[in-house]
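For the record, the sequence lines run as chains A and B.
Here the first sequence stands for residues 469 to 820, where the numbers follow my numbering.
Here the second sequence stands for residues 109 to 280, where the numbers follow my numbering.
Only one structure is covered here, and it is reproduced in the block below.
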Amino acid sequence: METGIRLGLTLAQIGAVMVAVLLTVALLTLLERKVLGWMQDRMGPMEVGPYGILQPVADGLKLFFKEDIIPAGANKFMFSMAPILSLVPALIGFAVIPFGPDWTIDVGGVDFKPFVITDINIGVLYILAFASIGAYGIILGGWSSNSKYSLLGGLRSAAQLISYELNVGLSIVGVLLLSSSLSLVTITNAQAGGFWNWYFFAWGSFPQAIAFMVFMISSIAETNRTPFDLPEAESELVAGFFTEYSGMRFAFFFLAEYGNMILVSCVATVLFFGGWHAPLEILQGPEWMHGITGIIWFAGKVAFFLFLFFWIRATLPRLRYDQLMRFGWKVLLPIALGNIVVTAIVEYMFPT
Amino acid sequence: METFVFFYFASIIVLTAGFVVALKNPIYSALALLVMFFHVAGLFVTLHAEFLAIIQILVYAGAILVLYLFVVMLLNLKREEHFHGQFIVGLFLGCVLFAEAVLLVLKGETTLGGNLPDSAAPMELTQGNTESIGELLYSTYLFPFEVASLILLVAMVGAVILTKKGILEVKG
Numbered sequence: 469m470e471t472g473i474r475l476g477l478t479l480a481q482i483g484a485v486m487v488a489v490l491l492t493v494a495l496l497t498l499l500e501r502k503v504l505g506w507m508q509d510r511m512g513p514m515e516v517g518p519y520g521i522l523q524p525v526a527d528g529l530k531l532f533f534k535e536d537i538i539p540a541g542a543n544k545f546m547f548s549m550a551p552i553l554s555l556v557p558a559l560i561g562f563a564v565i566p567f568g569p570d571w572t573i574d575v576g577g578v579d580f581k582p583f584v585i586t587d588i589n590i591g592v593l594y595i596l597a598f599a600s601i602g603a604y605g606i607i608l609g610g611w612s613s614n615s616k617y618s619l620l621g622g623l624r625s626a627a628q629l630i631s632y633e634l635n636v637g638l639s640i641v642g643v644l645l646l647s648s649s650l651s652l653v654t655i656t657n658a659q660a661g662g663f664w665n666w667y668f669f670a671w672g673s674f675p676q677a678i679a680f681m682v683f684m685i686s687s688i689a690e691t692n693r694t695p696f697d698l699p700e701a702e703s704e705l706v707a708g709f710f711t712e713y714s715g716m717r718f719a720f721f722f723l724a725e726y727g728n729m730i731l732v733s734c735v736a737t738v739l740f741f742g743g744w745h746a747p748l749e750i751l752q753g754p755e756w757m758h759g760i761t762g763i764i765w766f767a768g769k770v771a772f773f774l775f776l777f778f779w780i781r782a783t784l785p786r787l788r789y790d791q792l793m794r795f796g797w798k799v800l801l802p803i804a805l806g807n808i809v810v811t812a813i814v815e816y817m818f819p820t
Numbered sequence: 109m110e111t112f113v114f115f116y117f118a119s120i121i122v123l124t125a126g127f128v129v130a131l132k133n134p135i136y137s138a139l140a141l142l143v144m145f146f147h148v149a150g151l152f153v154t155l156h157a158e159f160l161a162i163i164q165i166l167v168y169a170g171a172i173l174v175l176y177l178f179v180v181m182l183l184n185l186k187r188e189e190h191f192h193g194q195f196i197v198g199l200f201l202g203c204v205l206f207a208e209a210v211l212l213v214l215k216g217e218t219t220l221g222g223n224l225p226d227s228a229a230p231m232e233l234t235q236g237n238t239e240s241i242g243e244l245l246y247s248t249y250l251f252p253f254e255v256a257s258l259i260l261l262v263a264m265v266g267a268v269i270l271t272k273k274g275i276l277e278v279k280g
C-alpha cells in the first residue's frame, strides 16, 4: 500500500515536471525566434495565430507528420538509438532540481516532498554525470548517418564536450566548498535570507561571481549554442551531426538541445542565485505562500538565464575551432582552478 | 529481492563484458562497455555507495569512453579483424585465470571471506558517503593517494612532452 502511494506520487510528480519542461521547450522555440527578431529589428513569426503565438503547434505538427528518412548506408540501429540517447539525459537531470521550498507533506503515511522529485545527497554529481552521457547521442548520431558532415560535427562535438565538461565541473567546486554539500536542496537552503547570501555574492566569504561566469560560458558550450555551436555550424557543416535526420528523430535532438538549456539554467539558478529564494525576505511573502512565491521566483530566474542564451546568440559570432579549444583549456580552466584555490583559502581562514 | 537485483546486475555485467571482447565492430564494443559501466554503477548503488556509482558513470562512461569513441571514429575503423586472431590464446588464458579464481574460492574460503565486511550487518553510516570517502583518503590512505596523484601528474607531463614536438629540441 505504502509502496503504491509512493509510486503514484512520484509518477505524478515526474509527469508534472515533464509536462512543464516540454511546454517550456515549445514556448522557447517561439520566444527564441521572437527575441532574435526584436533584437535584429524584425517581428519574428507572425503568421500562425495572433502575433504568431501558435507557431510551436504548427512546428510540432509539421515535425510529427514529416517522412522519416534513414539514409542509405546508415547504421540503422545506431541511427535510431542516437536521438533517444540524446534526449533521455537532457530530461533525466530534472529529477534532482528543487523547484520550491523544502516542504515535507504526509500523504497516507508516506513522506512526500512536493517541490523536488528526489533529494539525493549527490545531486550535483548526478546532473554532471548525465550531462556527460548526452555526448553519446551526438557522437553516435554523427557517426551512424554515414555522411561526412555529420561525422565532422560529431567529432567536433566530442572534443568540445569533453573539454568544457571539465570547466563546468571545476567551476561548481567553489559552491560545493561553501555549502559543504552535494545535495541541491541543501545548497538552496544554505542561501536563504537575502540576495547577499546567494553564492554569486556570498557575503562574508569569497563571492562565486567568477565561477558563475566560467560556469555559464562552459554551459553554453556544453549545450552547443552560439557562439560555441561548432558541432552544427550551418555555414560549414550544413547542420552538423543531425544533417541526415528528419521528422520525429530530428525533433528529439531539438527537444534535447532546449531541454539542456532549461536544465543548465535551473542549475545556475540553484547553485549561484539561491534557487527559489527571493532577493529580499519581504518579497517571499508569509510562510504558507512560499510554495507559490518560491516557484514564481525560481521560474523568473530561469527565464532570465534562458533570455541570456538568446541574447548571447544575437550578439556574438561563432568562434573558430582552435579558438574554442584554446579558450577552454588556456583561459577558462586556469580561472576555474584559481577560483577553487582562493575559495578554499578564504573558507579556511574565515570559516562561516 | 537484494539477491535478485545483484544477480541481475552481475549477469548483465558478465554478458556485456563478453560482448566487448567478442563483437567485431569497435563501436558496438564501446556501447556494450557503456551498458556494463551503468550496471557496475548499479552494483555500487545496491552497496549504498552512491558516490562511487556516480563517479563511475561520470569518469568512465562520461569521459574515458567518449574519448575511445572519438579515437575509433577519427580513425574510422569499420571492422577490426586483427585482434580476433588471438581468440584461442585468449580463451586459454581466460580458462586458466577462471580456474585460479575457482581454486582460490574453494580452498582459501576463510581468508578470502574474512577480509570482507559482514554483509548481513552493514556499517552504520553516521555521515554521508562522500564525506567518509574524503576523510579516509586524507587520513588513512593519504600516502597511497598522494603517490597515485603524483604518478598521474608525471603521466600527464609525459603525454604533453611526447605530443608537443619541439620542446626537447629547442632546449637541447
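C-beta atoms are modelled at their ideal positions from N, C-alpha and C, and glycine is treated no differently.
Backbone secondary structure at residue i - three-state DSSP
i: Phe-668 (chain A); result: coil
i: Phe-580 (chain A); result: strand
i: Ile-565 (chain A); result: coil
i: Ile-560 (chain A); result: helix
i: Ile-573 (chain A); result: strand
i: His-156 (chain B); result: coil
i: Val-265 (chain B); result: helix
i: Gly-476 (chain A); result: helix
i: Glu-535 (chain A); result: coil
i: Pro-513 (chain A); result: coil
i: Met-684 (chain A); result: helix
i: Gln-164 (chain B); result: helix
i: Thr-271 (chain B); result: helix
i: Ile-196 (chain B); result: helix
i: Thr-694 (chain A); result: coil
i: Ala-706 (chain A); result: The sequence shown places Val at residue 706 (chain A), rather than the Ala named in the question. Val-706 (chain A): coil per DSSP, three-state reduction.
i: Tyr-249 (chain B); result: coil
i: Glu-239 (chain B); result: helix
i: Ile-808 (chain A); result: helix
i: Leu-522 (chain A); result: coil
i: Ala-724 (chain A); result: helix
i: Phe-818 (chain A); result: coil
i: Glu-254 (chain B); result: helix
i: Tyr-176 (chain B); result: helix
i: Ala-540 (chain A); result: coil
Residue(s) in a DSSP beta bridge with residue i
i: Gly-662 (chain A); result: A:Leu-748
Distance, residue j Cα to residue i Cα
i: Ala-689 (chain A); j: Phe-598 (chain A); result: 16 Å
i: Thr-656 (chain A); j: Pro-675 (chain A); result: 16 Å
i: Arg-693 (chain A); j: Phe-777 (chain A); result: 8 Å
i: Tyr-816 (chain A); j: Leu-739 (chain A); result: 21 Å
i: Ala-677 (chain A); j: Val-735 (chain A); result: 15 Å
i: Leu-131 (chain B); j: Ser-137 (chain B); result: 6 Å
i: Glu-749 (chain A); j: Trp-756 (chain A); result: 14 Å
i: Gly-476 (chain A); j: Trp-611 (chain A); result: 40 Å
i: Phe-773 (chain A); j: Phe-680 (chain A); result: 12 Å
i: Lys-502 (chain A); j: Trp-664 (chain A); result: 34 Å
i: Arg-781 (chain A); j: Ile-135 (chain B); result: 34 Å
i: Ala-140 (chain B); j: Val-129 (chain B); result: 9 Å
i: Ser-639 (chain A); j: Ile-685 (chain A); result: 10 Å
i: Gly-672 (chain A); j: Asp-509 (chain A); result: 44 Å
i: Ala-683 (chain A); j: Ile-162 (chain B); result: Per the sequence presented here, residue 683 (chain A) reads as Phe, with Ala not at that position. In a straight line, the C-alpha of Phe-683 (chain A) is about 21 Å away from that of Ile-162 (chain B).
i: Leu-211 (chain B); j: Glu-110 (chain B); result: 27 Å
i: Leu-166 (chain B); j: Leu-522 (chain A); result: 40 Å
i: Leu-479 (chain A); j: Ala-542 (chain A); result: 37 Å
i: Asn-728 (chain A); j: Phe-195 (chain B); result: 43 Å
i: Asn-807 (chain A); j: Gly-642 (chain A); result: 7 Å
i: Phe-114 (chain B); j: Ala-169 (chain B); result: 21 Å
i: Leu-199 (chain B); j: Tyr-249 (chain B); result: 37 Å
i: Ala-229 (chain B); j: Leu-155 (chain B); result: Bear in mind that a pLDDT of 46 at Ala-229 (chain B), under 50, signals an unreliable position, so the number given afterwards is only what the model happens to contain. Roughly 12 Å separates the two Cα atoms.
Quick one: which unbroken beta strand (DSSP E) runs of 3-plus residues sit fully inside the stretch 575–655 of chain A? Chain order, please. Segments of the beta strand (DSSP E) lying fully in the stretch 575–655 of chain A: 578–580.
Taking any Cβ of chain B, which residues in the stretch 621–641 of chain A have a Cβ under 9 Å from it, in chain order? Gly-622, Leu-623, Ala-626, Ala-627, Leu-629, Ile-630, Glu-633, Leu-634, Gly-637
May I ask you to list, following chain order, the residues of the stretch 163–181 of chain B that have a beta carbon less than 8 Å from some beta carbon of chain A? Sequence-ordered contacts of the stretch 163–181 of chain B with chain A read Ile-163, Ile-165, Leu-166, Ala-169, Gly-170, Ala-171, Val-174, Leu-175, Leu-177, Phe-178, Met-181 [C-beta pairs closer than 8 Å].
Go through the stretch 738–798 of chain A residue by residue and report every complete run of the alpha helix (DSSP H) that reaches 4 residues or more, in order. 758–783, 789–794
What alpha helix (DSSP H) runs, 4 residues minimum, are completely inside the stretch 109–156 of chain B? 110–130, 134–154
Going along the stretch 580–594 of chain A in order, which residues come within less than 8 Å of chain B, judged by CB to CB distance? For the stretch 580–594 of chain A, the beta-carbon criterion of a distance under 8 Å to any beta-carbon of chain B is satisfied by Ile-588, Asn-589, Ile-590, Leu-593, Tyr-594.
Contact residues within the stretch 145–158 of chain B, judged by C-beta distance below 7 Å to chain A: Glu-158
For the stretch 784–813 of chain A, enumerate the residues whose C-beta is nearer than 8 Å to any C-beta of chain B, in chain order. none
Given a limit of 8 Å on CB to CB distance, which residues of the stretch 673–689 of chain A reach chain B? none
Taking Cβ-Cβ distances below 9 Å as the criterion, which residues of the stretch 238–262 of chain B are in contact with chain A? Thr-238, Glu-239
Using a Cβ-Cβ cut-off of less than 8 Å, give me the residues of the stretch 730–761 of chain A that come near chain B, in sequence order. none
To be precise: take each residue of the stretch 556–570 of chain A, compare its Cβ to all Cβ atoms of chain B, and keep it if any distance is under 7 Å. Which residues remain? none
Got a sec: which bits of the stretch 126–138 of chain B sit with their beta carbon under 8 Å from any beta carbon on chain A, in order along the chain? Ile-135
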